[in-house]
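Just below is one structure, and these are the notes that go with it.
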Amino acid sequence: MLTTLLFDLDGTLLPMDLDAFMKEYFRRLAPHLADHYRPDEIVPWMMGALRNVAENETPQITNLDKFRRALFDSDMQKLEQIWPLFEQFYDSSFDDIQHVVSPSHIAREICRTARDKGYRLVLATNPIFPEVATMARIRWAGLDASWFTLITTMENSHFCKPNPKYFLEILDKLNITPNECMMIGNDVQEDGAAGYVGIRGYLVTDDLIDRNLGTFDFDEVGTREELLRFVQGLPDLTEC
Numbered sequence: 005m006l007t008t009l010l011f012d013l014d015g016t017l018l019p020m021d022l023d024a025f026m027k028e029y030f031r032r033l034a035p036h037l038a039d040h041y042r043p044d045e046i047v048p049w050m051m052g053a054l055r056n057v058a059e060n061e062t063p064q065i066t067n068l069d070k071f072r073r074a075l076f077d078s079d080m081q082k083l084e085q086i087w088p089l090f091e092q093f094y095d096s097s098f099d100d101i102q103h104v105v106s107p108s109h110i111a112r113e114i115c116r117t118a119r120d121k122g123y124r125l126v127l128a129t130n131p132i133f134p135e136v137a138t139m140a141r142i143r144w145a146g147l148d149a150s151w152f153t154l155i156t157t158m159e160n161s162h163f164c165k166p167n168p169k170y171f172l173e174i175l176d177k178l179n180i181t182p183n184e185c186m187m188i189g190n191d192v193q194e195d196g197a198a199g200y201v202g203i204r205g206y207l208v209t210d211d212l213i214d215r216n217l218g219t220f221d222f223d224e225v226g227t228r229e230e231l232l233r234f235v236q237g238l239p240d241l242t243e244c
């Protein structure tokens, strides 16, 4: 029986143009790192580190530690010197990116409706951001972090989408089975990969991302408005 809804954040509960978001992200970050890296160095440096995180399947190391190791190659002096600049960026400038997103009252209503019906909510956003950045984006979306039983972040996750182990880790943390879950997201490959472990899927077609790297069978496909109607039609678990 379906009891748990896994929601992607960026492009799903928080409408956005991902390319515009990332461009603004790096533009705002660059001044904080200006004493150490040229602006044109930052993107390949960080994206290379994130690729390393995605490829590193060591289960004992969090995504945050994998990312920092990839960035600084175990150079503790560099880590101690530069990582605080990232923290400063998230504390001071990250919120300035908010203008490129478009919060949706429909997304908030989807979450409220599901909660009122007794469904467990998981914010299954790809854990390539630290908690502070994820909490900020939750605020931008007009959502309440307390609504979610689990929010995946760099600090508490050991894998990334579309690795099936990312979804298995969620199942393990919540002690639930795949047939209790539905993954709801706008990314064909990253969110569709939940199907590898037997989790059904809902593809949100607003802000759709499809890299044409393989297709997945989604149980449901629709806009956010159609997703709201779908959630409104789900059985009320509070009556069970």
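Residue numbering for the sequence shown follows our numbering, starting at 5 and increasing by one per position. Where is the CB? At the ideal position from N, CA and C, for every residue including glycine.
Legend entry - Coarse secondary structure for G237, derived from DSSP in three states: Looking at G237 - three-state DSSP - the assignment turns out to be coil, as it is neither helix nor strand.
Inset, instruction - Identify, in the order they occur along the chain, each residue of the same chain with its Cβ nearer than 8 angstroms to the Cβ of E194, setting aside the five sequence neighbours on each side. - result: D12, N130, K165, P166 and I213
Inset, instruction - Take every Cβ of the stretch 177–197, pair it with every Cβ of the stretch 14–24, and state whether three or more of those distances are shorter than 8 angstroms. - result: yes
Inset, instruction - Take I101 and list the residues in its own chain whose beta-carbon comes closer than 8 angstroms to its own, dropping the five residues that flank it on each side. - result: Excluding positions up to five away in sequence, the list reads F25, E28, Y29 and R32.
Legend entry - CA-to-CA distance, H36 to Q92, given in whole angstroms: 8 angstroms
Inset, instruction - Taking P134 and E173 to be in contact with their CB atoms under 8 angstroms, please state how far apart those CB atoms are, rounded to whole angstroms. - result: With 8 angstroms as the limit, P134 and E173 do not qualify as a contact, their Cβ atoms being about 17 angstroms apart.
Inset, instruction - Look up M20 in the DSSP assignment and give the residues it is bridged to. - result: V105
Inset, instruction - Give the straight-line distance between the Cα atoms of T8 and A128, rounded to the nearest whole angstrom. - result: 11 angstroms
Inset, instruction - Provide the residue span of the alpha helix (DSSP H) that contains T138, from first to last. - result: E135 to W144
Inset, instruction - Quick one: using the 10 Å Cβ neighbour count with 16 as the cut-off for buried, is H40 buried or exposed? - result: exposed
Legend entry - 9 angstroms Cβ cutoff met for L22 and Y123: no
Legend entry - Residue of W144, F171, L147 and G146 minimising C-alpha distance to T156: F171
Inset, instruction - Out of S78, F90 and N56, state which residue places its alpha-carbon closest to the alpha-carbon of V136. - result: F90
Inset, instruction - To the nearest angstrom, report how far apart G205 and A198 are at their CA atoms. - result: Their backbone Cα atoms lie some 7 angstroms apart in a straight line.
Inset, instruction - With DSSP as the reference, label G218 as helix, strand or coil. - result: coil
Inset, instruction - Could you tell me if H109 is buried or exposed, where buried requires 16 or more neighbouring beta carbons within 10 angstroms of its beta carbon? - result: exposed
Legend entry - Alpha carbon of M139 to alpha carbon of L68, nearest angstrom: 16 angstroms
Inset, instruction - May I have the straight-line CA-CA distance separating G146 from R112, to the nearest angstrom? - result: 7 angstroms
Inset, instruction - Classify R124 as helix, strand or coil using the three-state DSSP reduction. - result: Strand, per DSSP.
Inset, instruction - Using the DSSP secondary-structure output, state which residues sit across from C185 in a beta bridge. - result: According to DSSP, residue pairing for C185 in a beta bridge involves T8.
Legend entry - Burial state of R233, where buried means 16 or more other Cβ atoms lie within 10 Å: exposed
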